[in-house]
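Numbering (the numbering used here), first residue to last: -1 to 133. For reference, the structure discussed in these notes is given below.
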Amino acid sequence: MPVYVISVAAQLSGLHPQTLRQYDRLGLVSPDRTAGRGRRYSARDIVQLREVQRLSQEEGINLAGIKRILELENHVEALRHRVAELEAAAAEAGVMQAQREAAVHASYRRDLVRVQPQTGTALVVWRPKRGGRTE
């Protein structure tokens, strides 16, 4: 993936390089750094710079509000990722449970004895004794 120095990132995002430095100081966009501490902006960083500018200019949101919005969006994304992990784990656990159940059923099926239904026509009537007396 390509990375851009601050001057190129400023041109691509339509912002002044000093604005990019300010956004970095505020934590709105955190570009990677070189060994000499130079900023290197990724394509994702450029998109985020444009979004910060849009929220600021078009929506009228202050930079503190934008920072909070970005934090919440990142948190939501992390939660979505965690939900996907948990759903995958639950599906895997369901498959494993079904396999264990099948193994248990297979182990005792050989021991079952078929019971033949009785063909008699006898009818038994039970009548409780009244008053608790025995006759």
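By construction, the Cβ of each residue, glycine as well, lies at the ideal position given by its N, Cα and C atoms. All values derive from a computational prediction rather than experimental measurement.
Checking the sheet assignment: what are the DSSP bridge partners for Val1? Ser40
Arg112, DSSP secondary structure in three states: coil
Along the chain, where does the alpha helix (DSSP H) that runs through Arg23 open and close? 15 to 24
Near Ala8, which residues of its chain fall below 8 Å by C-beta distance, leaving aside the five closest residues on each side in sequence? His14, Pro15, Thr17, Leu18
C-alpha distance - Tyr21 paired with Lys65, whole-angstrom precision: 10 Å
Given this structure, state the Cα-to-Cα distance separating Arg31 from Ile59, to the nearest angstrom. 28 Å
Output yes or no for whether 9 Å exceeds the beta carbon distance between Val27 and Val50. yes
Counting only the same chain and skipping the five closest in sequence on each side, list residues whose C-beta sits under 8 Å from that of Gln114. none
In whole angstroms, give me the CA-to-CA distance for Arg98 and Glu90. 12 Å
Cβ neighbours of Leu68 in the same chain (closer than 7 Å, five flanking residues each side left out): Leu26
How close, in whole Å, do the beta carbons of Val3 and Ser40 come, if the pair is a contact with beta carbons under 8 Å? The pair is not a contact, with the Cβ atoms about 12 Å apart (cut-off 8 Å).
Using DSSP with H/G/I as helix, E/B as strand and the rest coil, what is Arg98? helix
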